[in-house]
Amino acid sequence: MSDTDVNKVLDAVRDVDFPADKDELLDAARRANASEGVVKALRGIPPEEYQNREEVARSVRVPPDSDLGHSPGQRGEQARRGGRPGQSQYLRDVPKPPVEEEQERGRER
Numbered sequence: 001m002s003d004t005d006v007n008k009v010l011d012a013v014r015d016v017d018f019p020a021d022k023d024e025l026l027d028a029a030r031r032a033n034a035s036e037g038v039v040k041a042l043r044g045i046p047p048e049e050y051q052n053r054e055e056v057a058r059s060v061r062v063p064p065d066s067d068l069g070h071s072p073g074q075r076g077e078q079a080r081r082g083g084r085p086g087q088s089q090y091l092r093d094v095p096k097p098p099v100e101e102e103q104e105r106g107r108e109r
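Here the UniProt record's numbering is used: the first residue of the sequence shown is 1, the next is one more, and so on.
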């Protein structure tokens, strides 16, 4: 699955009408000629109904080193927070720590 990242998974399900279940997502990925890694990642999501692409992104398992743009502080918070069963910790929504927000404001000035 090393060739798979969240953007590739979301690209494979771009034509899905939501809400959609796991089987519909897999069918859409196959129709889009998604890579085996993308199909494998979608096979690993919990068998439930997804309301939108963001829910799919939060549930699919991708390598922790995929380029999500999270800081070390955000990755630590993701690991500490719980999520629904089967949800990849790397895709849990987390805010930037206050110190990082402060640093960004200082750079913008």
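Glycine included, C-beta positions come from ideal geometry on N, C-alpha and C.
All of these numbers come straight from a predicted model, not from anything done at the bench.
Between Asp21 and Leu10, the alpha-carbon positions lie close to 14 Å from each other.
Beyond the five residues adjoining it in sequence on each side, Pro47 comes within less than 6 Å, by CB distance, of Lys22 in the same chain, given in chain order. By the beta-carbon neighbour count (other beta carbons within 10 angstroms, threshold 16), Arg105 is exposed. For Lys40, the closest C-alpha among the options Glu49, Leu26 and Arg31 is that of Leu26.
Asp21 sits in a strand when the DSSP states are folded into three classes.
Within the region 29 to 63, complete alpha helix (DSSP H) segments of at least 4 residues are found at 36 to 43 and 53 to 59, given in chain order. In this structure, Val13 sits away from Ala57, with a CB-CB distance that is not shorter than 7 Å.
CA-CA distance, Glu55 to Glu24, rounds to 14 Å. The three-state reading of DSSP puts Arg105 in helix, counting H, G and I together.
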